[in-house]
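Only one structure is covered here, and it is reproduced in the block below.
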Amino acid sequence: MARVVVDVMLKPEILDPQGRAVQGALGRLGFTGVTDVRQGKQFVIEVEGEITDERREQLHVIAGELLCNPVIEDFILIVEEDQ
Amino acid sequence: MARVVVDVMLKPEILDPQGRAVQGALGRLGFTGVTDVRQGKQFVIEVEGEITDERREQLHVIAGELLCNPVIEDFILIVEEDQ
Amino acid sequence: MRIGVVTFPGSLDDRDAARAVRLAGGEAVALWHGDADLKKVDAVILPGGFSYGDYLRCGAISRFAPVMAEVVAAANGGLPVLGICNGFQILCESHLLPGALTRNEHMHFICRDQKLRIEDNTSAWTNSYDAGQEIVVPLKNGEGCFVADTAVLDELEGESRVIARYLDVNPNGSLRDIAGIRNKRGNVVGLMPHPEHAVEELTGPTIDGLGFFTSVLNSMVNS
Amino acid sequence: MSIDTVSKAEETPDQAQPFAELGLKPDEYERIREILGRRPTSSELAMYSVMWSEHCSYKSSKVHLKQFGDKKPETDKLLVGIGENAGVVDIGEGWAVTFKVESHNHPSYVEPYQGAATGVGGIVRDIISMGARPLAVMDPLRFGPADAADTRRVLPGVVSGIGGYGNCLGLPNIGGEIVFDDTYLGNPLVNALCVGAMRHDEIHLASAKGVGNLVVLYGARTGGDGIGGVSVLASETFDADGPAKRPSVQVGDPFMEKLLIEATLEVLHAGLVEGIQDLGGAGISCATSELASNGDGGMHVWLDRVLLRDATLSPEEILMSESQERMCAVVAPENVDAFMAIIKKWDVEAVVIGEVTDSGHLTVDWHGERIVDVPPRTVAHEGPIYERPYARPSWQDALQADAPTADRLARPTTADDIRATVLNMIGAPNLASKAWITDQYDRYVLGNTVLSQPEDVGMVRIDEESGLGVAISTDCNGRFTKLDPYTGTQLALAESYRNVCASGAIPLAVTNCLNFGSPEDPDVMWQFAEATRGLADGCLQLGIPVTGGNVSFYNQTGDTAILPTPVVGVLGVIDDVDRRTPIAWNEDGELIYILGDTNDEFAGGEWANHVHKHLGGMPPKVDLERERLLGEVLVAGSRDGMLSAAHDVSDGGIAQVLVEMALHAGSGARCWIPDNIDPFTFLFSESAGRAVVVVARTEELRFTEMCAARQLPAQRVGVVDSGLGPDAGYPAGTQVLQFNDWFTLTLDELHEAHTKTLPALFA
Ligand SMILES: Nc1ncnc2c1ncn2[C@@H]1O[C@H](COP(=O)(O)OP(=O)(O)O)[C@@H](O)[C@H]1O
Ligand SMILES: [Mg+2]
Chain W
892 MARVVVDVML KPEILDPQGR AVQGALGRLG FTGVTDVRQG KQFVIEVEGE ITDERREQLH
952 VIAGELLCNP VIEDFILIVE EDQ
Chain Z
892 MARVVVDVML KPEILDPQGR AVQGALGRLG FTGVTDVRQG KQFVIEVEGE ITDERREQLH
952 VIAGELLCNP VIEDFILIVE EDQ
Chain D
2 MRIGVVTFPG SLDDRDAARA VRLAGGEAVA LWHGDADLKK VDAVILPGGF SYGDYLRCGA
62 ISRFAPVMAE VVAAANGGLP VLGICNGFQI LCESHLLPGA LTRNEHMHFI CRDQKLRIED
122 NTSAWTNSYD AGQEIVVPLK NGEGCFVADT AVLDELEGES RVIARYLDVN PNGSLRDIAG
182 IRNKRGNVVG LMPHPEHAVE ELTGPTIDGL GFFTSVLNSM VNS
Chain V
208 MSIDTVSKAE ETPDQAQPFA ELGLKPDEYE RIREILGRRP TSSELAMYSV MWSEHCSYKS
268 SKVHLKQFGD KKPETDKLLV GIGENAGVVD IGEGWAVTFK VESHNHPSYV EPYQGAATGV
328 GGIVRDIISM GARPLAVMDP LRFGPADAAD TRRVLPGVVS GIGGYGNCLG LPNIGGEIVF
388 DDTYLGNPLV NALCVGAMRH DEIHLASAKG VGNLVVLYGA RTGGDGIGGV SVLASETFDA
448 DGPAKRPSVQ VGDPFMEKLL IEATLEVLHA GLVEGIQDLG GAGISCATSE LASNGDGGMH
508 VWLDRVLLRD ATLSPEEILM SESQERMCAV VAPENVDAFM AIIKKWDVEA VVIGEVTDSG
568 HLTVDWHGER IVDVPPRTVA HEGPIYERPY ARPSWQDALQ ADAPTADRLA RPTTADDIRA
628 TVLNMIGAPN LASKAWITDQ YDRYVLGNTV LSQPEDVGMV RIDEESGLGV AISTDCNGRF
688 TKLDPYTGTQ LALAESYRNV CASGAIPLAV TNCLNFGSPE DPDVMWQFAE ATRGLADGCL
748 QLGIPVTGGN VSFYNQTGDT AILPTPVVGV LGVIDDVDRR TPIAWNEDGE LIYILGDTND
808 EFAGGEWANH VHKHLGGMPP KVDLERERLL GEVLVAGSRD GMLSAAHDVS DGGIAQVLVE
868 MALHAGSGAR CWIPDNIDPF TFLFSESAGR AVVVVARTEE LRFTEMCAAR QLPAQRVGVV
928 DSGLGPDAGY PAGTQVLQFN DWFTLTLDEL HEAHTKTLPA LFA
């Protein structure tokens, strides 16, 4: 068993209206000093069996094409083995 | 400067159609052995100044009330100090 | 009868709600999200739309608007409050109603003429319908799937607090086909479909929606 | 980072500049040097390059578009004509409407969701900037084959982008088109139309007048999005390799746009605005140079005051940025505080970035240094004009000679075959129900939608008291235009016109979105020349002016251009929306008439396309006088309460029309095929100038006498009958569409065939 976590974030240069909305709300709730908020997506994927190099490679391809829109987003993929 | 990362996930008992759709797509793309996919949100908040205990407390309250809906979601908050 | 319609940044159906109030014979009063002032209205409608862009979560940011503190206090005191679509989401986020509205099961925004059954006609907003009456009103949402844990669902059903249920098609995956609920007292109602779009032959699929607005006028006359 | 200033430019006249990379031709660069009497600064070069791009300058199309002005029909309805953000038409009772279509084709191919979303955003800002409240949007779309893998990528993204933006903005989507064709595979077309209304005295124009007045930039902050997007995304063909080369895309924020609408209308109504301009392609470069050029001619801008999302942007990038949801207003100094207060009330940011001067120059400073000093007209309005060579393509004659005659394409003849053809045709991707798509759009918001899909037009009420409203239809059969661009474009106009009349509205004005391949290809340029000539002549003949539009070139992959696709939008006015004519018949006994003549015309039609994958021959004949006559009858029929329903006949022919009417009504009818025509031609021909109308028995005489008096052929072809099920051997309660004793179709099987196609492909 392994858990794969993929964090997908808008590229820094791309407008993030959601992050902006959260930043505004934080301010209105009295939490000051926030200079930036970005909102991303997180996918937690539970996988059976071992994550071989080949499967890891496959996961990277899938993350880059399916989970993230490479035109506007970047991603980070972390494999947490053996739980 | 500190970076606060808040991961928000639907509670396990709540139906996650997006996670389910991703799981289906993974299968169609030939990545097998996936037993579960959950899709959550990630907030990356850049904060000026130090994160005192009091501000950390405040952040927890805000994460629990604003960033997540406790009826359906759980969250994890991590403060990455000093960048 | 003065019925307030709150405009949040991103409210869209506020004009429609005001029109429905007028057609039902009431006076619509515009309320502003940023003012902690209900202008002495006799009831409040939280209209549909995408308040704050529905960013973060639908209704999550609006819940903290100055006007909402007043709405919550007044609702707890018995003021009739109707939340339609985004308004329903705001009521849940404000904990005036239980449960939550999540992404539609099929993940698309859906706009359709929806058949409903009015399950409970004791609330401030449904008393002009017959219990069991079937109506058709527009439905349009991306996050209208009502969820709550089993205990809450059982309690809602046990106390006849499900006010309307989807018929024929469950358009968004709502648990137990729930389209709308009320609080215990019956003054606060949340409804996913849009009765304010079914008040004129010319523009709606029916005029079945008018009943929500005449109901609150009735209930005020009777109280 | 060193800044290129005007003085540096004077000192270093020979410094090499990357004009070619910015899309400028050597002679264009030379002309800039001539205008300025020196080399341009890098900021000036950026401005000229975007403003002189095909997209902004219309350099290849201008000489042809001129006809819309030259051949403009006599009309006293046009309050603002071509040349402004959008034309404005008088619809009476003190009301005016403005409408326009724009393309966002290439961006939607690169990033379907955001490309389509920002397309809607852009056209809506054009409408607001005229001073109008936006009322509704429409979305004419074209995609590659319905079953192609890339269509599965592009279409759902485009549809959710249009829905995501429009729904969140609170504008009902009241119509559009979805057409599939191989040629759109690498070049989908995403056109977006917006219509808005205002009182006559609320019309605003994009001009900076009044020396000393201030220029305010408000809305979203300026970021690095879409830099170079205008010239790179919209003007050049793709080198179709890989994501690395993909230019940065704009991301839309419909919530901000909603705030912009409300804030803008409030400052306009408060009388605080002297001139206003939206920011779209070419961003600040376009807005400042156009405002100055249309006004007193001078403007000074402090560019470092622009609020940025990304502090590292260079001045050139700020000038070119296409960040969405921004507007620019010219405000008298004494009104600035009041202006700012309203903008702030809506949580929108604003900053004074410049002032109107009498210098005759547009000057821009960056932290005290002069980086731009240009005559604004040379940027905004005096760009290059090309007389591109054009010639009738060598293949045109052969294409036209390849007619779909009965011996060339096998036609169904037996009742069974024709019955099967009906079911096959109504499920063809181009004819199938578009509900899977339109159900993702909010058609109810604002509470004024009187007609929307699947009606012939989108119709909205403008005045709740009087019932005054407008109806809009957009149309284009690109196969007709390919066969004959002149006729094909007139057919698009005729269809749109006919749709408007069928709803009971009187056509008033025309907009267009001219989607073509590369203007550098003489074949394409000929198509363009013929299309514009056809449209201008057609509008003159029908007496309705072109009030605006948009041109999108370079829609081609390699040597293959898209079908020439001049989308034509016609706007009509209806004095009381209560008398609109819907497409669904109403009750039993109503009589079904076909108006106009049906001839053997299949070239470019959907039957030849869907069943035989054939394209050749001459498109149906177009007779605009007949269209006008038909229109008068349809409008009179509505006005005098004679018509229960009407539906124009176009793609798919009469079979398609009867099926749609029955399905929308939910009840059947008994129809017959006239003796003087063969059933196949009757049911599937796409002859122009026809409509199916439904008349109550009590109105029959009055109606047929009116048609006879006007010499419009009217032939009775059916009667509404919801009780046919048992007669036809079906269980009671079944609704059927029956053709003589020939064949019968149940509404259930029609519904199934008509609605299953798109969900099966895209859900
Ligand atoms: N095909 C066309 N037909 C008529 N007018 C057109 C056409 N294409 C562009 N125009 C007009 O030219 C002017 C400039 O167009 P454009 O630069 O696209 O305006 P904007 O920048 O406001 O979108 C507008 O008034 C537009 O309506
Ligand atoms: Mg414009």
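Quick mapping for you: the protein sequence lines, in order, are chains W, Z, D and V.
Just remember that the numbering used here sits 891 ahead of the position in the first sequence, which is counted from 1.
Just remember that the numbering used here sits 891 ahead of the position in the second sequence, which is counted from 1.
Just remember that the numbering used here sits 1 ahead of the position in the third sequence, which is counted from 1.
Just remember that the numbering used here sits 207 ahead of the position in the fourth sequence, which is counted from 1.
Yeah, the Cβ is synthetic: ideal placement off N, Cα and C, and Gly gets one too.
So, using beta-carbon positions, are Ile410/V and Val295/V closer together than 9 Å?
Taking the first residue of the fourth sequence as 1, we reach residue 410/V at position 203. Taking the first residue of the fourth sequence as 1, we reach residue 295/V at position 88. Yes; because the gap between Cβ atoms is below 9 Å, this pair is in contact.
Should the segment 392 to 410 of chain V be called in touch with the segment 458 to 467 of chain V, which here means at least 3 C-beta pairs below 8 Å?
no
Spatial neighbours of Ala216/V in its chain, beta-carbon cut-off 7 Å, leaving aside the 5 residues before and after:
Here residue 216/V refers to the residue found at position 9 when the fourth sequence is read from its first residue. Counting only Cβ-Cβ distances below 7 Å, and skipping sequence neighbours, we find Arg245, Arg246, Pro247 and Thr248.
Please classify Val439/V: does DSSP put it in a helix, a strand, or coil?
Here residue 439/V corresponds to residue number 232 of the fourth sequence, with the count starting at 1. Interpretation of Val439/V is limited by its pLDDT of 35, a score under 50 that renders its predicted location unreliable; the figure taken from the coordinates is listed afterwards. Note: Val439/V maps to helix in three-state DSSP.
From what residue to what residue does the beta strand (DSSP E) around Trp643/V run?
Taking the first residue of the fourth sequence as position 1, residue 643/V is located at position 436. First-last for Trp643/V: Ala642 to Thr645, but that is the alpha helix (DSSP H), not the beta strand (DSSP E).
Do the segment 184 to 198 of chain D and the segment 82 to 90 of chain D touch if we need at least three Cβ pairs shorter than 8 Å?
yes
Asp121/D versus Arg166/D: straight-line alpha-carbon distance, rounded
What you label residue 121/D is simply residue 120 of the third sequence in a count that begins at 1. What you label residue 166/D is simply residue 165 of the third sequence in a count that begins at 1. Rounded to the nearest angstrom, the two C-alpha atoms are 10 Å apart.
Going by beta-carbon coordinates alone, are Val928/Z and Gly910/Z separated by less than 9 Å?
Looking up residue 928/Z in the second sequence gives position 37. Looking up residue 910/Z in the second sequence gives position 19. In contact: Val928/Z and Gly910/Z (Cβ atoms closer than 9 Å).
Is the CB of Val970/Z under 9 Å away from at least one CB in chain D?
Locating residue 970/Z in the second sequence gives position 79, where the first residue counts as 1. No, its Cβ sits nowhere closer than 9 Å to a Cβ of chain D.
Give me the residue from Leu515/V, Trp553/V, Gly575/V and Ala413/V with the minimum Cα distance to Thr495/V.
As a working note, residue 495/V is residue 288 in the fourth sequence. Per the Cα distances, Ala413/V.
Ends of the alpha helix (DSSP H) at Arg894/Z?
For the purposes of this step, residue 894/Z is taken as residue 3 along the second sequence, with counting starting at 1. Premise fails: Arg894/Z lies in the beta strand (DSSP E), Ala893 to Leu901, not in any alpha helix (DSSP H).
Cα-Cα, which of Leu285/V, Asp388/V, Ile330/V and Gly419/V is closest to Ala355/V?
On the fourth sequence, position 148 is the one that residue 355/V refers to. Out of Leu285/V, Asp388/V, Ile330/V and Gly419/V, Asp388/V has the C-alpha closest to the C-alpha of Ala355/V.
Here's the rule I'm using: 16 or more other beta-carbon atoms within 10 Å means buried, otherwise exposed. How should Gly60/D be labelled?
Position 59 of the third sequence, counted from the first residue, corresponds to residue 60/D. Buried.
Just reading off the beta strand (DSSP E) that Asp965/W is part of, what are its end residues?
As a first step, residue 965/W must be located in the first sequence, where it is residue number 74. Looking at the DSSP string, the run of the beta strand (DSSP E) that includes Asp965/W is Glu964 to Glu972.
Anyone know if the C-beta pair for Ala199/D and Ile136/D falls short of 9 Å?
For the purposes of this step, residue 199/D is taken as residue 198 along the third sequence, with counting starting at 1. For the purposes of this step, residue 136/D is taken as residue 135 along the third sequence, with counting starting at 1. Yes.
Is it true that the CB of Leu102/D sits closer than 9 Å to the CB of Cys93/D?
Position 92 of the third sequence, counted from the start, is the residue given in the question as residue 93/D. Position 101 of the third sequence, counted from the start, is the residue given in the question as residue 102/D. Yes. Within cutoff.
Would you say Ile369/V and Gln660/V are within 9 Å of each other, going by their C-beta atoms?
Counting from one through the fourth sequence, the residue named residue 369/V turns up at place 162. Counting from one through the fourth sequence, the residue named residue 660/V turns up at place 453. In this structure, Gln660/V does not lie closer than 9 Å to Ile369/V by Cβ.
Using a beta-carbon distance below 9 Å, is Met463/V in contact with chain W?
On the fourth sequence, position 256 is the one that residue 463/V refers to. Judged by the 9 Å Cβ criterion, Met463/V is in contact with chain W.
Let me see if you follow: with CB-CB separation under 9 Å, is Ile936/Z close to chain D or not?
As a working mapping, residue 936/Z is identified with position 45 in the second sequence. No, Ile936/Z does not count as interfacial toward chain D.
Kindly indicate if chain Z contains any beta-carbon less than 9 Å away from that of Lys932/W.
Along the first sequence, one-based indexing puts residue 932/W at 41. Yes, Lys932/W lies at the interface with chain Z (some Cβ there is under 9 Å from its Cβ).
Please list, in chain order, the chain W residues whose beta carbon lies closer than 7 Å to that of Ala954/Z.
Taking the second sequence and counting its residues from 1, the one referred to as residue 954/Z is at position 63. Going along chain W, no residue has its Cβ under 7 Å from Ala954/Z, so there is no contact; the nearest lies around 10 Å.
At what residue ranges does the segment 257 to 324 of chain V contain a whole run of the beta strand (DSSP E), taking only runs of 3 or more?
285 to 287, 295 to 299 and 302 to 310
Report the residue ranges of all alpha helix (DSSP H) runs contained in full by the segment 120 to 195 of chain D; include only those spanning at least 4 residues, in chain order.
151 to 159
Using CA coordinates, which residue listed in Asp728/V, Tyr761/V, Ile769/V and Thr764/V is at the minimum distance from Phe687/V?
The sequence position of residue 687/V within the fourth sequence is 480, counting from 1. Considering only alpha carbons, the answer is Ile769/V.
Beta carbons nearer than 9 Å to chain W: which residues of the segment 305 to 337 of chain V have them?
Val317, Glu318, Tyr320 and Gln321
The alpha helix (DSSP H) that contains Leu526/V, what's its start and end?
To locate residue 526/V, count along the fourth sequence from 1; it is residue 319. Pro522 to Met527 is the extent of the alpha helix (DSSP H) around Leu526/V.
DSSP three-state call for Asp744/V: helix, strand or coil?
Position 537 of the fourth sequence, counted from the first residue, corresponds to residue 744/V. DSSP places Asp744/V in helix when its eight states are reduced to three.
Beta-carbon proximity of Val899/W to Ile936/W, cut-off 9 Å:
Within the first sequence, numbered from 1, the residue matching residue 899/W stands at position 8. Within the first sequence, numbered from 1, the residue matching residue 936/W stands at position 45. Cβ distance not < 9 Å, so Val899/W and Ile936/W don't count as in contact.
Are the CB atoms of His476/V and Gly561/V nearer to each other than 9 Å?
As a working note, residue 476/V is residue 269 in the fourth sequence. As a working note, residue 561/V is residue 354 in the fourth sequence. Result no, Cβ atoms of His476/V and Gly561/V do not sit closer than 9 Å.
For Phe65/D, go through chain W and note every residue whose CB falls closer than 8 Å to its CB, in chain order.
Counting from one through the third sequence, the residue named residue 65/D turns up at place 64. Those within 8 Å of Phe65/D in chain W are Ala916, Arg919 and Leu920.
Can you look up Trp509/V in the DSSP assignment and give me helix, strand or coil?
Your numbering for residue 509/V matches position 302 in the fourth sequence. Trp509/V: strand per DSSP, three-state reduction.
For Thr911/V, the residue or residues it bridges with in DSSP:
Looking up residue 911/V in the fourth sequence gives position 704. The partner list for Thr911/V (beta bridge, DSSP) is empty, contrary to what the question assumes.
When you compare only the Cα positions, how much space is there between Thr620/V and Ala862/V?
By 1-based counting over the fourth sequence, the position of residue 620/V is 413. By 1-based counting over the fourth sequence, the position of residue 862/V is 655. Rounded to the nearest angstrom, the two C-alpha atoms are 15 Å apart.
Considering Val480/V, what are the terminal residues of the beta strand (DSSP E) in which it resides?
Taking the first residue of the fourth sequence as 1, we reach residue 480/V at position 273. First-last for Val480/V: undefined, no H or E at that position.
Beta-bridge partners of Glu975/V, as assigned by DSSP
Outside the shown range of chain V (208 to 970) lies residue 975/V, about which nothing can therefore be said.
Closest to Pro752/V by C-alpha separation, out of Ser528/V, Val775/V, Asp357/V and Asp730/V, would be which residue?
Sequence index remark: in the fourth sequence, residue 752/V carries index 545 (1-based). Nearest of Ser528/V, Val775/V, Asp357/V and Asp730/V to Pro752/V, Cα basis: Val775/V.
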